[in-house]
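Asker:
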Amino acid sequence: EFIRAAKLSRNPVMALDVIKWALIEETPLPFGVVSDAVSYVYNEGRTDIAYEMYRNIYDNDLIQHWSHIDALEIDLHKFSRGMAYSSIRCVFNEILQKAEWSKMPQVPLTIITGKNVKSRKPITSTTTENGDEDNNTTDQYRISQEIQNILVEDFYPPVSSSTSPGNTGRLLIDLQDIRKLMYSSST
8 EFIRAAKLSR NPVMALDVIK WALIEETPLP FGVVSDAVSY VYNEGRTDIA YEMYRNIYDN
68 DLIQHWSHID ALEIDLHKFS RGMAYSSIRC VFNEILQKAE WSKMPQVPLT IITGKNVKSR
128 KPITSTTTEN GDEDNNTTDQ YRISQEIQNI LVEDFYPPVS SSTSPGNTGR LLIDLQDIRK
188 LMYSSST
């Protein structure tokens, strides 16, 4: 209810304060509430607050993005765009801060996207013989398109990605592209 009140008052800072208060009070935060709060703040254009909110929740072990940390693999299957942005930023910061990862074999960061549970919009449409469009693929929307947009639109310099051969539900990011973010933010 407090998150809803923050949204109705159009106050992203209040949403962050509610999340911080809930964490201090050890109030259970269901994934849906967390996702809704982070998405609201992100959609208001406050990516800094969205990231801070996500980071607080992540630091309290209430959400996890790592699928296999040793293989640099994160799983964003059920994440909204705001949650995906915040988790990717969190992962980039973790990679840049951990010196031991610089000694690892240079494997790319893998982002598992898969199919989103909700039907959002079609990724393809086919044309039938009589020229009508058939949008029967609405259940196959892949959040990977949204994540690729995040990498290009929300980071500077834009972070390039590629799909894993034979698996469009996995995006690959070269660690050198992540390191460029560190150097560009320090200049």
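For the sequence shown, the working numbering gives the first residue as 8, with consecutive numbering after it. By construction, the Cβ of each residue, glycine as well, lies at the ideal position given by its N, Cα and C atoms.
Pairs of beta-carbons, one from the region 82-100 and one from the region 153-169, closer than 8 angstroms: are there three or more?
Answerer: Touching, per the Cβ criterion.
Asker: Could you check how far apart the C-beta atoms of residue 161 and residue 54 are, in whole angstroms? I think they sit under 8 angstroms.
Answerer: That pair is a contact at about 7 angstroms.
Asker: If you measure from the beta carbon of residue 56 to each beta carbon in chain C, is any gap under 9 angstroms?
Answerer: Included in the structure is just one protein chain, with no chain C present.
Asker: Are the beta-carbon atoms belonging to residue 103 and residue 59 less than 9 angstroms from one another?
Answerer: No, Cβ-Cβ distance for residue 103 and residue 59 is not below 9 angstroms.
Asker: Judging by CA-CA distance, which residue of 71, 171, 17, 16 is the nearest neighbour of residue 41?
Answerer: Here the closest residue by C-alpha is 71.
Asker: Residue 7 and residue 65: beta carbons closer than 9 angstroms?
Answerer: In the structure displayed, the chain extends from 8 to 194; residue 7 sits before or after that span and is not available.
Asker: How would you write the range of the alpha helix (DSSP H) that residue 11 sits in, first residue to last?
Answerer: Its alpha helix (DSSP H) spans residues 9-15.
Asker: Could you tell me if residue 13 is buried or exposed, where buried requires 16 or more neighbouring beta carbons within 10 angstroms of its beta carbon?
Answerer: When all chains shown are included, residue 13 counts as buried.
Asker: Classify residue 54 as helix, strand or coil using the three-state DSSP reduction.
Answerer: Here residue 54 sits in helix by DSSP.
Asker: Between 18, 75, 159, which lies nearest to residue 118 when the distance is taken from Cα to Cα?
Answerer: For residue 118, the nearest C-alpha among the options comes from 75.
Asker: Determine the burial state of residue 120: buried for a count of at least 16 other Cβ atoms within 10 Å of its Cβ, exposed for fewer.
Answerer: Answer is buried; the Cβ neighbour count reaches 16.
Asker: In the DSSP assignment, find the alpha helix (DSSP H) that holds residue 174 and state where it starts and stops.
Answerer: Residue 174 -> not in any alpha helix (DSSP H); beta strand (DSSP E) instead, spanning 174-180.
Asker: Between the beta-carbon of residue 2 and the beta-carbon of residue 185, is there less than 9 angstroms?
Answerer: Residue 2 lies beyond the stretch modelled for the chain, which goes from 8 to 194, so this question has no answer here.
Asker: Report the option in 9, 17, 115, 45 whose CA atom is closest to the CA atom of residue 77.
Answerer: Nearest option by C-alpha distance: 115.
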